[in-house]
Structure formats: C-alpha cells, structure tokens
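A quick write-up on the structure given underneath.
Protein chains in written order, with my numbering: chain A, 1 to 242; chain B, 243 to 922.
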C-alpha cells in the first residue's frame with residue numbers, strides 16, 4: 001500500500017517536472033530587437049516516427065524600426081533533444097548554417113566582418129543554441145527555421161509529445177498566424193491519437209496519422225499530443241514483418 | 243519487437259515492450275551521498291538528505307538498503323546493506339541527520355566498495371544511487387573511469403545525480419551508460435526530491451535485469467542498447483544501430499526475468515528496410531557523437547575519436563566542443579535551404595478527444611500544397627483613390643540624347659534541361675560570389691510555386707543558370723533577386739509559352755500600357771521596376787517607348803504617395819517595401835519631400851537617359867542620385883541645408899555623389915530612409 005502511494009506521489013511530482021518543458025521557439029535576447037522585431041508568422045511541423053519526433057519550427061519576423069538592428073536569439077532545445085538543421089532568410093537572403101571546426105568557423109566570421117559582410121556564429125551551450133545576426137535592415141523581413149529531434153516519452157501505454165507554444169520577448173502582430181501540423185507514422189498500427197490541450201483536425205489511417213492543430217496561439221502554454229501504438233508486451237507478435 | 247529503419251542510411255531502431263510479470267523481485271539499494279563543503283550552498287545537502295529519508299521510508303521490508311556519505315573519506319551507516327525493516331529505516335534516517343556537509347570530495351573508493359558489496363547477491367536487483375555536486379579531487383577522470391572499470395566491471399547499475407554545474411557530467415554519464423543506468427542533471431536543489439522519487443518509482447517496477455541487444459551474426463557499427471539494464475514494467479525498451487556493408491543480421495533482445503532467461507529475435511537486412519525515416523540516421527549519429535565526446539572528455543582527446551566526431555558533426559549538423567555552426571556570405575559555398583516544408587492539406591477525418599480510436603477505413607490525403615514564399619509580403623493593393631493618374635511628362639529635349647536602339651539583344655534559346663540537373667549545377671558549380679545567384683534561384687522557385695506556374699520555374703532556372711554560365715550576371719544581389727521576382731510578378735504571362743529572360747523583358751515592356759499600370763498593385767509595380775533594374779544592370783538598352791513605360795512604372799509608385807501620403811498601416815506597408823533596397827527607398831525619399839512634378843520629371847528624364855546610354859548606371863544608382871539631388875533642393879528651399887550636410891557627410895555618400903559609378907549598398911539605402919525621415 002505504502003509503495004502504491006509512493007508511486008502516485010512520485011507520478012505527480014514527475015508530472016510537475018515534465019510539464020515544465022523548455023521553450024523551443026526562438027527567444028530574442030537583445031533589447032533593441034525585443035523592441036522592434038515583430039513576429040508575424042509561426043509554423044511548426046512535427047514528424048513522428050515510432051518513438052522519435054522531429055520538430056521543425058519556422059518563424060517569420062520583421063524589423064519594424066527605421067534602423068538596422070542587431071539580433072540575438074536563443075533557442076532552448078527540450079531536454080535530450082538535438083538540433084539537426086538551422087537556416088535563416090535574413091535581409092532577403094537565404095542562409096543555411098553549416099558546421100565547421102571552431103577555428104575555421106571563427107576565421108570565416110572574422111573575414112566576413114572585415115569585409116563588412118554578413119556572418120553569424122552559432123554555438124550550442126548546454127542545449128541552448130545562441131544565434132547572433134550582425135544586423136537586420138530596416139523594415140526587412142527575416143525568417144528562422146530550425147529543427148530538432150527528440151525521443152518521445154512513454155508511459156501508461158502511450159507516447160507523449162509536447163511543444164511549448166509560448167513566445168517570449170518578441171511582439172506578435174495582431175494577425176499573427178500560428179500553424180502546427182503533426183504527421184505520425186509507425187511500424188505498428190496506431191490505435192489512437194489526440195491532444196488533451198488543443199483541438200485537432202485530421203485522423204488516423206492504419207499506421208499513419210495526420211493532424212492540423214486548431215486554435216493554437218502564442219499565449220497558451222504547452223501543446224500536448226499523445227498516441228498509442230499497437231504494441232504487444234514481450235514482442236509476442238512481430239509487427240515489423242514487411 | 244518493432245523495427246524501423248532509414249532505407250538509405252542502413253540505420254535501424256528497435257523498440258519493444260517487456261513481457262508481463264506478476265511478481266516483482268526485491269531490490270538492493272545503496273545511496274551514496276556527497277557531504278563535501280560545496281553541498282552546503284543552495285540547500286543542496288539538506289534537500290538531498292530529505293530526498294534520501296523519503297525514499298528510505300518507502301522501501302519494502304524485503305529490500306536491502308544502506309547509506310554511505312563521503313567527503314574525502316567514506317562514512318557507512320552499516321558495513322553492508324541490510325533488510326529495510328522499520329528499525330533499519332530509523333537508524334538510517336538518524337545517520338543521515340547526524341551528518342554535516344564539509345570537507346573535500348573523493349568518491350572513487352566509496353563507489354568501488356559499494357559496487358563490490360552488491361555484487362554477491364544475485365537474487366535482488368542492485369542499484370547504486372549517487373548524488374554529488376563536484377568532481378573527485380584526487381583522481382583524474384581517466385584514472386577514475388579505468389579504476390572503476392577494473393574493480394567493478396560496471397556490473398552494478400550506477401544512477402548518478404549531477405547537482406549543479408561543477409560536476410564532471412561526462413564522467414558520470416559514461417559510468418552510468420556503461421553500467422546500464424542513467425545520469426540525471428539537477429540544476430535546482432528543489433528538483434532532487436522529485437527526481438529521486440521518480441527513479442525509485444521506476445526501480446520499483448523493475449521486472450528483469452540484464453536487458454541487452456545482442457548481435458547474433460553480421461556486422462554492425464555501434465548498437466545503442468536499451469537505456470537501462472533493467473527491464474521496467476510497461477516501460478519501452480529501445481535501441482538503435484547501423485548496419486555495415488549491407489549485412490543481414492539477427493538481433494536478440496534478452497533479459498533475465500524471475501531467474502529465467504527471456505529473449506526475442508528479429509532479423510534485420512537492408513533489403514527489408516522499406517520504411518524510410520529521414521531523421522533516424524541523425525538520431526543515431528547524435529548518440530554516437532555524444533558517446534565519443536564523453537570518451538574524449540573522460541579518457542583524454544584522441545585524434546581518431548575527434549576526427550570521427552568532426553566528421554559526424556559536419557554530416558549531421560551536430561554542434562560539439564570542436565565544431566560550431568556558421569552563417570556566412572563569404573568563402574564558404576552555402577547550399578541554400580531546400581524549399582520550406584510544405585503545409586499539408588487538411589486531413590479528411592476529424593478526431594475526437596484524446597485516446598479515441600478512430601475508424602481505420604478512411605483514406606488519408608497525402609498531397610502537399612506549395613507554401614507561400616517566406617520573403618514575400620502579403621499581396622495587397624493600395625486603395626484606388628490613392629493611386630492617382632500619373633501626369634504625362636515629356637522628357638526635356640536637352641536630356642534625351644541619342645535615341646536608344648529599340649532592339650533587345652536576345653541570347654540563344656535555352657535548351658531544355660532537367661530541372662534537377664539545372665538546380666544541381668547552379669548550386670554546386672558556383673564560386674563564392676555567385677552564391678547570390680543561388681539564393682535568387684531558390685527564391686525564384688518559391689515565388690513561382692506561390693504563383694502556381696510550375697512551367698515557369700523551369701524557364702527561370704534555365705535562364706538564370708544560362709546567365710550564370712555565360713557570366714552575364716553581375717553577382718549583385720539586387721539585380722538577381724529583381725530578376726526572379728520580376729518574373730514572378732509578370733501579370734500577362736501565359737504558362738504554356740516558352741520565353742527566355744530577355745523575351746520576358748520585352749513582353750513586360752510591351753504590356754505595360756498606361757491602363758495596365760493603373761490596374762496594377764503597387765507591389766507589382768515595384769517588383770516590375772526591380773526586374774527592369776535587373777535588365778538595366780545587365781546592360782540592356784530600352785527603346786524610347788519602353789523608357790516612357792518605365793517612367794510610368796516608377797512614377798506610378800511615386801505618384802501613389804505623392805497624391806496622398808500614406809499614414810498608419812499604409813506607411814508600415816510602404817516601409818516594408820523598403821527592403822527591396824534603393825528603388826523603394828528612393829521613391830520613398832522622393833515622395834516624402836514632395837518636390838514639384840516638373841522637377842521629378844526632369845530628374846527621371848536624366849535617370850532614363852542614363853539607363854539607356856550608360857550601361858554602368860543602374861536604376862537604383864540613378865534613382866538614388868536623383869533622390870539625393872532632390873533632397874538637396876528641398877533642403878535649400880526649406881533652410882535645412884545644415885541638417886542635410888550632416889546627414890550626407892558619410893564617405894560613402896560623397897563617393898557615390900562624386901564618382902556616380904558605385905553600386906548602392908544596403909547602408910546607402912538605409913541612409914536614404916533616414917534622411918527621408920528627417921523631414922517628417
């Protein structure tokens with residue numbers, strides 16, 4: 001009995017820890033940018049494959065001021081997640097981040113700055129990607145796209161995926177559009193899928209499910225998604241035969 | 243057992259649920275708590291003690307338990323783990339309370355002794371729960387790791403809590419991983435109790451031990467076995483690995499449950515890998531890199547490991563202590579991002595609430611719709627009342643010069659090329675400076691998709707690539723982008739016609755009757771003018787009639803605002819178009835200072851003459867200089883010369899004004915905006 005109570009208490013405490021998830025949308029960190037960079041559009045695409053999920057976040061913003069301003073951003077990745085793509089369209093040009101050895105990366109950046117060209121160094125520290133753009137031209141648009149992979153948690157026979165939809169330190173326009181779509185594909189049949197926090201539009205078809213998330217905003221806290229796969233304990237049935 | 247694989251990468255993942263088990267074996271747990279001086283801060287020690295006491299009270303009677311505290315020495319509550327009856331629990335709680343934090347940190351010996359004390363008892367599930375906020379003061383990480391391996395063989399799972407930032411997390415992670423346990427990072431001491439509680443809860447549900455993935459045959463690169471050596475009831479076991487040399491292998495997932503061996507087998511071969519998971523290989527690579535990093539940090543840096551880390555890091559875009567991400571305009575040939583992820587059509591089913599099983603007969607819509615170009619603003623037409631009618635202006639005779647040729651030199655028709663090949667070549671064969679063009683290419687594609695003119699994408703690609711090959715593009719961002727967007731905004735273009743860029747130019751010009759201009763939105767006008775600027779930069783000469791039309795195109799943009807200066811949202815809209823650099827900026831400058839129409843006409847006359855006869859002049863340059871002249875005139879008329887002098891004191895401005903050959907840069911465009919705003 002005592003053990004059962006402990007399980008419940010620990011479960012509650014765990015839930016409290018789990019719901020305090022990190023914010024995966026970029027956080028503007030310099031004061032000028034916080035004042036003038038305005039968020040116009042956010043799109044989140046989630047591709048789930050069995051227990052893994054790849055989340056791609058695209059945010060469109062624009063510089064509402066009449067001066068060039070530097071822009072610093074932090075992207076706080078969820079625990080144990082790792083980024084696998086980062087690109088930006090800034091001042092009308094598309095950039096894709098590439099990985100270089102530290103010395104090479106630094107020399108590229110310093111060379112570019114000497115020639116008064118755009119360059120930015122992105123470093124990861126303890127699960128936080130720090131981006132620094134030297135300048136965003138007045139009235140110009142920029143968009144940042146990044147994706148990361150994480151392992152979905154599993155409990156009570158269900159896989160859980162969550163995404164913190166809040167945006168911090170950046171103003172959103174009144175017409176800010178926030179779109180989110182989820183695609184699930186599993187090697188076993190999907191028994192059910194749904195969200196306890198948001199309305200979903202879409203459905204399940206065998207081993208595939210697709211949903212668009214409705215009424216998603218930057219002020220709601222966390223989007224929760226759960227799905228249940230047709231898994232048999234002990235591997236008695238081999239679902240993977242193809 | 244479920245298997246999934248990335249088809250091209252030969253990486254597989256494997257998940258399985260443990261079998262049902264009615265009886266749960268007892269445990270043998272030793273808590274190893276750091277009582278060094280550093281644990282005093284942030285109530286770490288008191289919170290850890292509270293967590294320990296809570297867990298001790300919750301143990302079952304058949305469990306074995308012990309507590310060891312350590313600073314530079316070890317302090318055991320009992321010489322070996324004993325049954326967790328009520329007396330034992332009271333003793334342990336008193337022992338925990340009797341300790342005070344202080345001293346250094348040394349835990350190699352206590353950890354080894356603890357593991358050794360748990361080795362003989364095979365009827366219980368052993369676990370060491372280590373809580374520390376520091377590093378061993380005496381043994382280096384490599385020595386620590388090697389000594390622990392030698393003495394314990396990592397046979398006892400060590401669950402490590404790294405509290406705060408001064409721990410050697412890599413060492414703890416490596417020890418945990420090797421022993422089939424986990425490491426938990428605690429940044430706030432308040433998290434200690436819930437986290438230890440959760441771990442204890444997991445261990446309570448352990449039904450088997452020694453769960454591992456075994457490769458029966460064939461060859462693999464690293465296989466990452468299940469996270470835990472324990473098989474936890476209702477907890478997923480997962481592993482991933484990579485096949486080597488298209489091998490066919492048999493995987494066995496096995497464990498010992500209630501003293502009996504349990505196993506399940508699964509064959510893996512590349513031919514069976516039909517399901518494609520694009521990010522599985524990246525997930526595997528990341529795990530590999532993390533493991534190699536930990537080894538490097540603990541055992542010392544080795545060239546082989548570092549090279550492997552850098553190689554994986556570059557290929558899969560993983561940031562490591564040896565690598566960084568970089569965005570650059572220079573040097574590196576940066577492949578532009580693939581067109582953004584496309585939104586999917588709305589699925590046909592509507593789901594109920596969570597956990598609701600849905601009918602399986604419905605077919606899913608898998609088609610993808612193109613996504614609007616991310617850099618294109620919303621298409622918006624200014625109110626008709628704001629457009630006004632452009633005044634008919636005649637160019638002053640003195641400024642006209644020699645009438646330009648009406649013929650536009652057409653390059654040979656593009657050969658039909660495979661789209662993928664064209665794109666590939668354009669992106670791969672470009673030297674550093676030409677990455678501008680590559681970007682324009684990608685934007686053109688997106689723009690065209692947005693306009694639902696797929697055939698034009700091919701044309702645009704072919705033509706731009708042809709220009710690149712012939713080295714006819716200047717590499718100037720403005721003109722390339724203008725070219726791409728000019729094409730995208732062409733109103734009268736038919737999708738079934740094949741024309742090259744120059745032919746398109748000709749068509750644009752021939753279609754730009756005044757009434758057409760009246761019907762166009764300001765967006766189209768500005769895009770078209772940018773397209774024309776692209777042509778001008780490539781040295782194309784305009785016919786007189788074309789020049790007239792061009793004048794209207796430009797004046798249309800100016801007149802809109804001259805007639806009724808934009809306010810509020812309209813002003814925001816105009817400002818956003820300034821991202822298209824000089825033309826927009828200059829028009830804005832012109833409209834803002836409200837010069838008389840005749841002067842505008844004269845200056846545009848000069849501009850058009852320049853475009854027609856001097857190939858080194860571009861529209862943006864000319865327009866900029868015009869704007870500057872106009873501002874000077876306006877400043878003179880309004881007693882603002884001093885302000886203007888200060889504003890134009892930058893060397894860049896003087897250089898442009900003096901030589902009149904430089905290209906207008908972003909800075910200049912920005913400056914124009916600034917000056918325009920001076921007069922508001």
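Positions of the beta carbon are idealized from the N, C-alpha and C atoms, including for glycine. It should be emphasised that the depicted structure is a prediction, and the values quoted were computed from it without experimental measurement.
| For residue 29(A), which of 43(A), 53(A), 75(A) has the nearest alpha-carbon? | On the first chain, position 29 is the one that residue 29(A) refers to. Closest by alpha carbon: 75(A).
| field | Three-pair Cβ contact test at 8 Å for the segment 367-374 of chain B versus the segment 399-414 of chain B | value | Touching, per the Cβ criterion.
| Using the beta-carbon of each residue, which ones in chain A are nearer than 9 Å to residue 476(B)? | Position 234 of the second chain, counted from the start, is the residue given in the question as residue 476(B). In chain order: 154, 155, 156, 157, 233.
| For residue 354(B), which residues of its own chain have a beta-carbon under 8 Å away from its beta-carbon, when the five flanking residues on both sides are left out? | What you label residue 354(B) is simply residue 112 of the second chain in a count that begins at 1. If we look at residue 354(B) and ignore the five residues flanking it on each side, its Cβ neighbours are 389, 390, 393, 394.
| said: Taking a contact to mean a Cβ-Cβ separation below 7 Å, would you say residue 521(B) touches residue 54(A) in this structure? | reply: On the second chain, residue 521(B) is found 279 positions in, with the first residue counted as 1. On the first chain, residue 54(A) is found 54 positions in, with the first residue counted as 1. Yes, the Cβ-Cβ distance between residue 521(B) and residue 54(A) is below 7 Å.
| Using a beta-carbon distance below 7 Å, is residue 221(A) in contact with chain D? | As a matter of chain content, chain D is missing from the structure shown, whose protein chains are A and B.
| field | Continuous alpha helix (DSSP H) stretch holding residue 61(A): start and end | value | Taking the first residue of the first chain as 1, we reach residue 61(A) at position 61. Counting along the chain, residue 61(A) falls outside any alpha helix (DSSP H), though it belongs to the beta strand (DSSP E) covering 52-63.
| query | Using the C-alpha atoms, what's the distance from residue 416(B) back to residue 537(B)? | reply | If you number the second chain from 1, residue 537(B) lands on position 295. If you number the second chain from 1, residue 416(B) lands on position 174. The straight-line gap separating the alpha-carbon atoms of residue 537(B) and residue 416(B) is approximately 7 Å.
| Taking any Cβ of chain B, which residues in the segment 100-127 of chain A have a Cβ under 7 Å from it, in chain order? | Cβ contacts with chain B come from 100, 101, 102, 105, 108, 109, 111, 112, 115, 117, 118, 119, 120, 121, 122, 123, 124.
| Distance, Cα to Cα, residue 40(A) vs residue 59(A)? | Against the first chain, residue 40(A) aligns to sequence position 40. Against the first chain, residue 59(A) aligns to sequence position 59. Residue 40(A) and residue 59(A): Cα-Cα distance of roughly 8 Å.
| said: In the DSSP output, what is residue 113(A) paired with across the bridge? | reply: Residue mapping note: residue 113(A) aligns to position 113 of the first chain, counting from 1. As far as DSSP is concerned, residue 113(A) takes part in no beta bridge.
| Does the beta-carbon of residue 340(B) have 16 or more other beta-carbons within 10 angstroms, so that it is buried, or is it exposed? | Reading the second chain from its first residue, position 98 is the one you call residue 340(B). Answer is exposed; the Cβ neighbour count stays below 16.
| Any idea what DSSP makes of residue 194(A), helix, strand or coil? | Taking the first chain and counting its residues from 1, the one referred to as residue 194(A) is at position 194. Strand, per DSSP.
| query | How big is the Cα-Cα spacing for residue 323(B) and residue 363(B)? | reply | For the purposes of this step, residue 323(B) is identified with residue 81 of the second chain, where counting begins at 1. For the purposes of this step, residue 363(B) is identified with residue 121 of the second chain, where counting begins at 1. One C-alpha to the other measures close to 10 Å.
| Bridge-paired residues (DSSP) for residue 82(A) | Locating residue 82(A) in the first chain gives position 82, where the first residue counts as 1. The bridge partners DSSP lists for residue 82(A) are 149(A).
| task | Answer yes or no: do residue 343(B) and residue 281(B) have a C-beta to C-beta separation smaller than 7 Å? | result | Residue 343(B) sits at position 101 when you count from the first residue of the second chain. Residue 281(B) sits at position 39 when you count from the first residue of the second chain. With a cutoff of 7 Å on beta-carbon distance, residue 343(B) and residue 281(B) are scored as near each other.
| task | Please classify residue 358(B): is it buried, with 16 or more other beta-carbons within 10 angstroms of its beta-carbon, or exposed? | result | Here the question's residue 358(B) lines up with position 116 in the second chain. It is exposed - the Cβ of residue 358(B) has fewer than 16 other Cβ atoms within 10 Å.
| field | Span of the beta strand (DSSP E) around residue 119(A) | value | The residue given as residue 119(A) occupies position 119 in the first chain. That run of the beta strand (DSSP E) goes 119-125.
| query | Does the count of Cβ pairs from the segment 56-73 of chain A and the segment 123-140 of chain A closer than 8 Å reach three? | reply | The segment 56-73 of chain A is in contact with the segment 123-140 of chain A.
| field | Local conformation of residue 483(B) per DSSP, three classes | value | As a working note, residue 483(B) is residue 241 in the second chain. In the structure shown, residue 483(B) sits in a strand (DSSP, three-state: E or B).
| request: List the residues that DSSP assigns as beta-bridge partners of residue 401(B). | output: On the second chain, residue 401(B) is found 159 positions in, with the first residue counted as 1. Assignment of beta-bridge partners to residue 401(B) by DSSP yields 371(B).
| query | How big is the Cα-Cα spacing for residue 717(B) and residue 160(A)? | reply | Sequence index remark: in the second chain, residue 717(B) carries index 475 (1-based). Sequence index remark: in the first chain, residue 160(A) carries index 160 (1-based). Residue confidence for residue 717(B) is low, a pLDDT of 29 falling below 50, so the modelled location carries little weight; the figure read from the coordinates is stated next. In a straight line, the C-alpha of residue 717(B) is about 49 Å away from that of residue 160(A).
| task | Give the interface partners of residue 85(A) over in chain B, defined as CB-CB distance under 7 Å, in chain order. | result | Numbered from 1 along the first chain, position 85 holds the residue referred to as residue 85(A). By Cβ distance, chain B contributes 559.
| message | Would you call the segment 221-232 of chain A in contact with the segment 183-196 of chain A, where contact means no fewer than 3 C-beta pairs closer than 8 Å? | response | Verdict: yes, contact present.
| query | Less than 6 Å between the CB of residue 142(A) and some heavy atom of the ligand NAP, yes or no? | reply | Absent from the structure shown: the ligand NAP. Ligands present: none.
| Less than 7 Å separating the beta-carbons of residue 79(A) and residue 179(A)? | Taking the first chain and counting its residues from 1, the one referred to as residue 79(A) is at position 79. Taking the first chain and counting its residues from 1, the one referred to as residue 179(A) is at position 179. Going by beta carbons, residue 79(A) and residue 179(A) fall outside the 7 Å limit.
| field | Endpoints, the alpha helix (DSSP H) within which residue 534(B) is located | value | Numbered from its first residue, the second chain carries residue 534(B) at position 292. For residue 534(B), the uninterrupted alpha helix (DSSP H) run begins and ends at 522-541, by DSSP.
| When the Cα atoms are used, what is the spatial distance from residue 361(B) to residue 317(B)? | Here the question's residue 361(B) lines up with position 119 in the second chain. Here the question's residue 317(B) lines up with position 75 in the second chain. So the alpha carbons of these two residues sit roughly 20 Å apart.
| query | What residue does the alpha helix (DSSP H) around residue 386(B) start on, and which one ends it? | reply | Residue mapping note: residue 386(B) aligns to position 144 of the second chain, counting from 1. Start and end: 383-394.
| Contacts that residue 556(B) makes with chain A (C-beta to C-beta distance below 7 Å) | For this step, residue 556(B) is matched to residue 314 along the second chain. When 7 Å is used as the limit between beta carbons, residue 556(B) is near these residues of chain A: 99, in chain order.
| What number of angstroms, rounded off, separates the C-alpha of residue 232(A) from the C-alpha of residue 539(B)? | Residue 232(A) sits at position 232 when you count from the first residue of the first chain. Residue 539(B) sits at position 297 when you count from the first residue of the second chain. In a straight line, the C-alpha of residue 232(A) is about 40 Å away from that of residue 539(B).
| Which bits of chain A does residue 565(B) rub up against, with CB to CB less than 7 Å? | In the second chain, counting from the first residue as 1, residue 565(B) sits at position 323. Within chain A, the residues near residue 565(B) are 99, 100, 101, 102.
| task | Quick one: residues in its chain with C-beta nearer than 7 Å to the C-beta of residue 295(B), no 5 flanking neighbours on either side, listed in chain order? | result | Along the second chain, read from residue 1 onward, the residue named residue 295(B) stands at position 53. Answer for residue 295(B): 335, 338, listed in chain order.
| query | Using a C-beta cutoff of 7 Å, does residue 333(B) count as contacting chain A? | reply | In the second chain, residue 333(B) corresponds to position 91, counting from 1. The beta-carbon of residue 333(B) is placed no less than 7 Å from the nearest beta-carbon of chain A.
| message | Assuming residue 352(B) is part of the alpha helix (DSSP H), what are its boundary residues? | response | The residue given as residue 352(B) occupies position 110 in the second chain. Judged by DSSP secondary structure, residue 352(B) falls within the alpha helix (DSSP H) whose first and last residues are 350-360.
| message | Whether or not the segment 98-105 of chain A and the segment 555-567 of chain B are in contact is what I'm after, with contact meaning three or more pairs of Cβ atoms, one per stretch, closer than 8 Å; do they touch? | response | The segment 98-105 of chain A and the segment 555-567 of chain B touch, with three or more beta-carbon pairs separated by less than 8 Å.
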